[in-house]
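J.:
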Ligand SMILES: [Zn+2]
């Protein structure tokens with residue numbers, strides 16, 4: 003393994019150092035998935051009366067229980083600290099199952115969302131123009147200074163977007179009434195052909211938070227430039243970045259370098275997913291910096307891809323490197 007690869011791996015393994023308790027990946031707990039959602043009252047010894055007592059102390063679901071300070075909670079209820087810790091342990095063990103179930107469900111709900119597009123009633127001037135067909139391509143929309151506020155704009159103009167969950171973390175938030183667990187989800191979308199977006203959302207329940215993050219990724223969609231990019235390749239197809247691009251977010255810096263056809267995506271998991279969604283099949287990705295959170299890492303890659311639009315390209319390079327903007331006609 004080269005130094006470059008090592009640093010990339012470290013970047014991904016490190017995850018969020020500050021406040022994310024743990025990362026849960028879809029599929030990790032697949033074998034244990036149950037069809038019924040695990041509830042507070044599934045915990046042994048938690049009958050209706052005790053449940054009401056917990057609710058009075060501000061614990062309304064499993065995530066609340068896991069996030070609570072057992073000692074503090076014991077002082078507010080008749081339960082011993084040990085008893086509470088035991089329940090927390092069991093709930094923590096059961097929660098990845100819930101999460102995995104929610105992750106699986108999130109995609110299904112999106113199918114339904116596409117059907118809803120037919121009944122879409124636009125709330126913005128941009129939305130009205132897209133629904134009426136006055137604006138009929140995503141390029142026309144992206145050329146406007148107006149930000150996209152309705153996800154349906156993207157759903158209508160780029161109906162074939164693929165979605166990826168880049169990271170699901172549990173974030174502990176400290177409030178006056180104690181500590182609360184929330185999910186923090188980072189997603190990316192792309193048509194694997196020149197358009198890509200990254201989105202983030204936080205929330206109490208995994209499923210709705212995933213959907214919110216996907217909507218944000220869609221609203222953030224950009225067009226990128228691709229090309230052959232590498233003199234030694236010369237295949238003339240838009241399979242990599244047209245030139246070296248760099249991006250920053252928080253303490254993370256990344257750079258994406260053009261690679262000859264067949265090299266593949268030499269990068270960690272997060273950049274690989276984002277670049278694939280964008281339609282790039284070959285590139286060398288390197289990272290540096292200290293605070294390598296999944297969130298900063300994802301945004302840095304997105305910012306680097308956006309950079310492909312900012313660099314001025316010479317006419318001669320457009321031809322020789324076969325640089326294209328957005329999608330190719332034949333995919
Ligand atoms: Zn090439």
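Residue numbers (this note's numbering): 3 to 333. The beta carbon of each residue, even a glycine, is placed where N, CA and C say it ideally should be.
1. Which residues in the same chain have their Cβ closer than 6 Å to the Cβ of residue 60, if we skip the five residues on either side of it in sequence?
2. May I ask you to report which of helix, strand or coil DSSP gives residue 260?
3. May I have a chain-ordered list of the alpha helix (DSSP H) segments no shorter than 4 residues that lie completely inside the segment 203-265?
4. Nearest to residue 174 by CA position, among 325, 323, 303 and 68, is which residue?
5. Does the beta-carbon distance from residue 243 to residue 249 come in below 8 Å?
6. For residue 278 and residue 48, what's the separation of their Cα atoms in angstroms?
7. Which same chain residues end up closer than 7 Å to residue 65 when comparing Cβ atoms and leaving out the 5 residues on each side of it in sequence?
8. Over what stretch of residues does the beta strand (DSSP E) that includes residue 283 continue unbroken?
9. Three or more C-beta pairs closer than 8 Å, one from the segment 159-166 and one from the segment 187-203: is that the case here?
10. If you measure between the beta carbons of residue 119 and residue 143, is that distance less than 8 Å?
11. Measuring CA to CA, which of 135, 70, 88 and 302 is closest to residue 199?
12. Any heavy atom of ligand 1 closer than 7 Å to the CB of residue 262?
13. Could you give the first and the last residue of the continuous alpha helix (DSSP H) run that contains residue 81?
14. As a quick exercise: from 87, 259, 117 and 296, pick the residue whose alpha carbon is nearest that of residue 286.
15. Once the 5 residues before and after residue 53 are set aside, which same chain residues still bring their CB inside 7 Å of it?
16. Can you name the residues that DSSP bridges to residue 169?
17. Going by beta-carbon coordinates alone, are residue 213 and residue 282 separated by less than 8 Å?
18. Does DSSP classify residue 150 as helix, strand or coil?
19. Give the secondary structure of residue 199 by DSSP, where H, G and I count as helix, E and B as strand, and everything else as coil.
20. Does DSSP classify residue 26 as helix, strand or coil?
21. Which partner residues does residue 291 have in the DSSP bridge list?
22. Let me check understanding here. Comparing Cα to Cα, which of 307, 71 and 326 lies closest to residue 316?
23. How would you call residue 189, buried or exposed, if buried means at least 16 neighbouring beta carbons within 10 angstroms?
24. Sorry if obvious, but does the Cβ on residue 236 come closer than 7 Å to a heavy atom of ligand 1?
25. How big is the Cα-Cα spacing for residue 151 and residue 322?
26. For ligand 1, is there any heavy atom lying closer than 7 Å to the beta carbon of residue 228?
27. Just reading off the alpha helix (DSSP H) that residue 324 is part of, what are its end residues?
28. Would you check whether ligand 1 has a heavy atom nearer than 7 Å to the C-beta of residue 322?
29. Write down every uninterrupted run of the alpha helix (DSSP H) in the segment 122-151 whose length is 4 residues or greater and which is fully enclosed by it, in chain order.
30. Excluding the 5 residues flanking residue 27 on each side, which residues of the same chain have their C-beta closer than 8 Å to its C-beta?
31. Just mark residue 46 as buried or exposed, buried being the case when its beta carbon has 16 or more other beta carbons within 10 Å.
32. For the candidate residues 217, 329, 51 and 83, whose alpha-carbon lies nearest to that of residue 240?
33. Please confirm whether any heavy atom of ligand 1 lies closer than 7 Å to the CB of residue 259.
34. Within 7 Å: the Cβ of residue 232 and any heavy atom of ligand 1?
T.: On the basis of the supplied data:
1. Here the question's residue 60 lines up with position 58 in the chain shown. Closer than 6 Å at Cβ, skipping near neighbours: 179.
2. Mapped onto the chain shown, residue 260 falls at position 258. In the structure shown, residue 260 sits in a strand (DSSP, three-state: E or B).
3. 208-221
4. Position 172 of the chain shown, counting from 1, holds the residue named residue 174. When each option's Cα is compared against that of residue 174, the closest is 68.
5. Here residue 243 refers to the residue found at position 241 when the chain shown is read from its first residue. Here residue 249 refers to the residue found at position 247 when the chain shown is read from its first residue. For residue 243 and residue 249, no; Cβs fall outside 8 Å.
6. Residue 278 sits at position 276 when you count from the first residue of the chain shown. Residue 48 sits at position 46 when you count from the first residue of the chain shown. Residue 278 and residue 48: Cα-Cα distance of roughly 47 Å.
7. Within the chain shown, numbered from 1, the residue matching residue 65 stands at position 63. So the list reads 183 and 206, once near-sequence residues are dropped.
8. Start at 1 with the first residue of the chain shown, and residue 283 comes out as number 281. Per DSSP, residue 283 belongs to no beta strand (DSSP E) and is neither H nor E.
9. yes
10. For the purposes of this step, residue 119 is taken as the residue at position 117 of the chain shown. For the purposes of this step, residue 143 is taken as the residue at position 141 of the chain shown. Cβ distance not < 8 Å, so residue 119 and residue 143 don't count as in contact.
11. By one-based count along the chain shown, residue 199 stands at place 197. Taking only the C-alpha atoms, the option nearest residue 199 is 302.
12. Position 260 of the chain shown holds residue 262. Residue 262: yes, Cβ under 7 Å from ligand 1.
13. As a working note, residue 81 is residue 79 in the chain shown. Neither: residue 81 is in no alpha helix (DSSP H) and is coded neither H nor E.
14. Within the chain shown, the letter at position 284 stands for residue 286. Checked all of 87, 259, 117 and 296; the closest Cα to residue 286 is 259.
15. Here residue 53 refers to the residue found at position 51 of the chain shown. 42 and 43, listed in sequence order.
16. For the purposes of this step, residue 169 is taken as the residue at position 167 of the chain shown. Looking at the DSSP assignment, residue 169 forms a beta bridge with 188.
17. To locate residue 213, count along the chain shown from 1; it is residue 211. To locate residue 282, count along the chain shown from 1; it is residue 280. In this structure, the beta-carbon distance from residue 213 to residue 282 does not fall below 8 Å.
18. Walking along the chain shown from the start, residue 150 turns up at place 148. Residue state, collapsed to three classes: coil.
19. As a working note, residue 199 is residue 197 in the chain shown. Three-state result, residue 199: strand.
20. Taking the first residue of the chain shown as 1, we reach residue 26 at position 24. Reliability fails at residue 26, whose pLDDT of 49 lies under 50, so the model's placement of it is uncertain and the value that follows must be treated cautiously. DSSP places residue 26 in the coil class of the three-state scheme, outside both helix and strand.
21. For the purposes of this step, residue 291 is taken as the residue at position 289 of the chain shown. Partner(s): 254.
22. As a position in the chain shown, residue 316 is number 314, starting the count at 1. Residue 326 is the option with its Cα nearest to residue 316.
23. In the chain shown, the residue the question calls residue 189 occupies position 187. With 16 or more Cβ atoms within 10 Å of its Cβ, residue 189 is classed as buried.
24. Within the chain shown, residue 236 is the residue found at index 234, counting from 1. Indeed, a heavy atom of ligand 1 lies less than 7 Å from the Cβ.
25. Here residue 151 refers to the residue found at position 149 of the chain shown. Here residue 322 refers to the residue found at position 320 of the chain shown. C-alpha of residue 151 to C-alpha of residue 322: approximately 38 Å in a straight line.
26. Against the chain shown, residue 228 aligns to sequence position 226. Result no, Cβ not under 7 Å from ligand 1.
27. Residue 324 sits at position 322 when you count from the first residue of the chain shown. Note, residue 324: premise wrong, no alpha helix (DSSP H); not H, not E.
28. Residue mapping note: residue 322 aligns to position 320 of the chain shown, counting from 1. False, no ligand heavy atom lies under 7 Å from that Cβ.
29. 127-134 and 140-145
30. Translated into positions along the chain shown, residue 27 becomes position 25. Because residue 27 carries a pLDDT of 44, less than 50, the predicted location of this residue cannot be relied on, and the following value inherits that uncertainty. Within the same chain, Cβ atoms closer than 8 Å to the Cβ of residue 27 are found at 170, the five residues on either side in sequence being excluded.
31. Locating residue 46 in the chain shown gives position 44, where the first residue counts as 1. With fewer than 16 other Cβ atoms within 10 Å, it is exposed.
32. Residue 240 sits at position 238 when you count from the first residue of the chain shown. Among 217, 329, 51 and 83, the Cα nearest to that of residue 240 is on 329.
33. Within the chain shown, the letter at position 257 stands for residue 259. Every heavy atom of ligand 1 is 7 Å or more from the Cβ of residue 259, so no.
34. Locating residue 232 in the chain shown gives position 230, counting from the first residue. The answer is yes for residue 232.
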